[in-house]
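For reference, the structure discussed in these notes is given below.
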Amino acid sequence: MTDCKHTALPWKVVSDPHFDSGLVYTSIQPINIDQEAMKALAMMNGEFHVCRMSHTAALWRFNYHRANAAFIVEACNSYYQTRDALVAKDAEIERLRAALHEIATTEEYRGLSAEEATRVAQGALKGGDA
5 MTDCKHTALP
15 WKVVSDPHFD
25 SGLVYTSIQP
35 INIDQEAMKA
45 LAMMNGEFHV
55 CRMSHTAALW
65 RFNYHRANAA
75 FIVEACNSYY
85 QTRDALVAKD
95 AEIERLRAAL
105 HEIATTEEYR
115 GLSAEEATRV
125 AQGALKGGDA
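Just so it is clear: in the sequence shown, position 14 is 18 by my numbering, and no numbers are missing.
Structure follows, in structure tokens:
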């Protein structure tokens, strides 16, 4: 997935059905609204929608689209939370690699026991010295 711009997460599904000209719809909305950045998403009723799903008079169809909206919200919110956690882990792994390289190549660390080397590596992960 690309890093294209989209409405800031997290998103939520509208709790109550909305009515428009006798038809019902559900929508996905941002939770944190930046009024200026999201002008393009402003609806006539003053809400901001990422998307609207289903203009229908059939309750079963509304429920079907609401379930799809809930699935989209969960997938998108989870994807970005997981991605952010993985990016943080990658940075942690890089700090650990640097610490292990230093332990392996610096005279000061020669002869460390495994326990001592582990303390040095853990200190590097915390961003400080062991």
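Beta carbons: idealized from backbone N, C-alpha and C, even for Gly.
Buried or exposed by the 16-neighbour rule on C-beta atoms within 10 Å, applied to residue i
{"i": "P34", "result": "buried"}
{"i": "L29", "result": "Strictly speaking, residue 29 in this sequence is Tyr, with Leu absent from that position. Buried, by the Cβ-count rule."}
{"i": "R70", "result": "buried"}
{"i": "D133", "result": "Only weak support exists for where D133 lies, its pLDDT of 46 falling under 50; the value from the coordinates is given anyway. Exposed."}
{"i": "F66", "result": "buried"}
Beta-carbon gap between residue i and residue j smaller than 8 Å
{"i": "S145", "j": "M57", "result": "The displayed coordinates of the chain run from 5 to 134. Any statement about residue 145 would go beyond what the structure contains."}
{"i": "R128", "j": "A103", "result": "Sequence inspection shows Ala at residue 128; the Arg mentioned does not correspond to that position. Yes, the Cβ-Cβ distance between A128 and A103 is below 8 Å."}
{"i": "A125", "j": "L100", "result": "yes"}
{"i": "A74", "j": "V18", "result": "no"}
Inter-residue CB distance, residue i and residue j (contact presumed, cutoff 8 Å)
{"i": "L13", "j": "C80", "result": "6 Å"}
{"i": "L45", "j": "H53", "result": "6 Å"}
{"i": "I107", "j": "A121", "result": "5 Å"}
Restricting to runs no shorter than 3 residues, where is the beta strand (DSSP E) found entirely within the segment 27–104?
27–34 and 55–60
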